[in-house]
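The C-terminal residue of the sequence shown carries number 434 in the working numbering, and the numbering is unbroken.
Take a look at the structure below.
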Amino acid sequence: YSPNFKQGESTEVYAIKRMEDMLKLQNYFLRNKMYRDWYYVIVAVNTGLRAGDLVKLRWSEVLNNDGSFKTPQQVNIVEQKTKKFRHLFFNNDFRKATLDYIRLSGITPNLDAGEEPDRYLFGKTKWRKGGRDHGKCIKLKPHIERDTIGKQLKHAAIAVGIPYNVNTHSLRKTFGYRLYKNGAPIEAIQRIFNHSSPAVTLRYIGLTLDEEEKYIADLDSVLALMDRGEKEDE
Numbered sequence: 201y202s203p204n205f206k207q208g209e210s211t212e213v214y215a216i217k218r219m220e221d222m223l224k225l226q227n228y229f230l231r232n233k234m235y236r237d238w239y240y241v242i243v244a245v246n247t248g249l250r251a252g253d254l255v256k257l258r259w260s261e262v263l264n265n266d267g268s269f270k271t272p273q274q275v276n277i278v279e280q281k282t283k284k285f286r287h288l289f290f291n292n293d294f295r296k297a298t299l300d301y302i303r304l305s306g307i308t309p310n311l312d313a314g315e316e317p318d319r320y321l322f323g324k325t326k327w328r329k330g331g332r333d334h335g336k337c338i339k340l341k342p343h344i345e346r347d348t349i350g351k352q353l354k355h356a357a358i359a360v361g362i363p364y365n366v367n368t369h370s371l372r373k374t375f376g377y378r379l380y381k382n383g384a385p386i387e388a389i390q391r392i393f394n395h396s397s398p399a400v401t402l403r404y405i406g407l408t409l410d411e412e413e414k415y416i417a418d419l420d421s422v423l424a425l426m427d428r429g430e431k432e433d434e
């Protein structure tokens, strides 16, 4: 890994591969009662959405009117970058975190269409004074912005001693890496990410030479099978 932070330099961001780092990040937000940011981490590493799409996710794209979670067939969003459709799957971690977030934050999800903050998973209610309008109140976007959550993640990672660079894209990479470690075929992950090739996906999720060596070293022995075959032939 490169250093977590370099003043004035562009740095590579990495997937969060170690469970202890993931727990440190979550616990930082929970200790500081930053429930929205904690929930963002959970949603990101369980859906793999880009930050630009994730901050715009609405409660009506997650919950039905009766409070039940929607099925993948019911959630079909258009990715901002690729303009391609993407189904969303809500696993057990996502569902549990969603219920905990509603309970901890005290919000009441609004499932109607519109632009109010409570219609977004990651709503924002602040107003800004001044600026070009000479002291008038300017209503900001009803949801948090990508740069805002990116700064929160970076500050949290530094605060808990994570020794590599973390931002919103780290969470998307973490999602892909978790899928890979869980046995998902690289072609399936490539399809989810809309990458051009498996090689691009492997580089994206950060498969290291050490991991490649381990996977090769852990291959089942074909020599043992050959030995048994020779004995049977005799």
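The beta-carbon is built from N, C-alpha and C at its ideal position, and this holds for glycine as well.
Remember, predicted model here, so these are calculated numbers, not experimental data.
Straight-line Cα distance separating Asn382 from Phe285: Rounded to the nearest angstrom, the two C-alpha atoms are 24 Å apart.
Where Ser370 falls, given that 16 or more other Cβ within 10 Å makes a residue buried: In this structure Ser370 is buried. Its beta-carbon is surrounded by 16 or more other beta-carbon atoms within 10 angstroms.
Continuous alpha helix (DSSP H) stretch holding Phe375: start and end: Per DSSP, the continuous alpha helix (DSSP H) segment holding Phe375 begins and ends at 368-381.
Cβ-Cβ distance between Ile457 and Gly376 below 9 Å: The question about residue 457 has no answer, for the chain in this structure spans 201 to 434.
Segments assigned beta strand (DSSP E), at least 3 residues, entirely inside the stretch 216-274: Along the stretch 216-274, the beta strand (DSSP E) does not occur as any fully enclosed run of 3 or more residues.
Integer Cβ distance of Val255 from His343, believed to fall under 8 Å: Separation of the CB atoms of Val255 and His343 is rounded to 5 Å, and the pair is thereby assigned contact status at 8 Å.
Sub-9 Å separation of Leu299 and Tyr235 beta-carbons: No, Cβ-Cβ distance for Leu299 and Tyr235 is not below 9 Å.
Reduced DSSP secondary structure (H/G/I, E/B, other) of Val278: Here Val278 sits in strand by DSSP.
Which listed residue (Arg258, Ser396, Leu230) has its alpha carbon closest to that of Leu321: Checked all of Arg258, Ser396, Leu230; the closest Cα to Leu321 is Arg258.
The stretch 214-227 contacting the stretch 265-285, beta-carbon criterion three pairs below 8 Å: Not touching, per the Cβ criterion.
Close-in-space but distant-in-sequence residues of the same chain around Glu387 (CB under 7 Å, 5 per side omitted): Within its own chain, the residues whose Cβ lies closer than 7 Å to the Cβ of Glu387, once the five positions on either side in sequence are excluded, are Pro398, listed in chain order.
Proximal residues to Thr401 (C-beta, below 8 Å), its chain only, five neighbours per side dropped: Annotation for Thr401: Gly376, Ile386, Ile389, Gln390, Phe393, His395 place their beta carbon closer than 8 Å to its own, counting only its chain and skipping 5 residues before and after.
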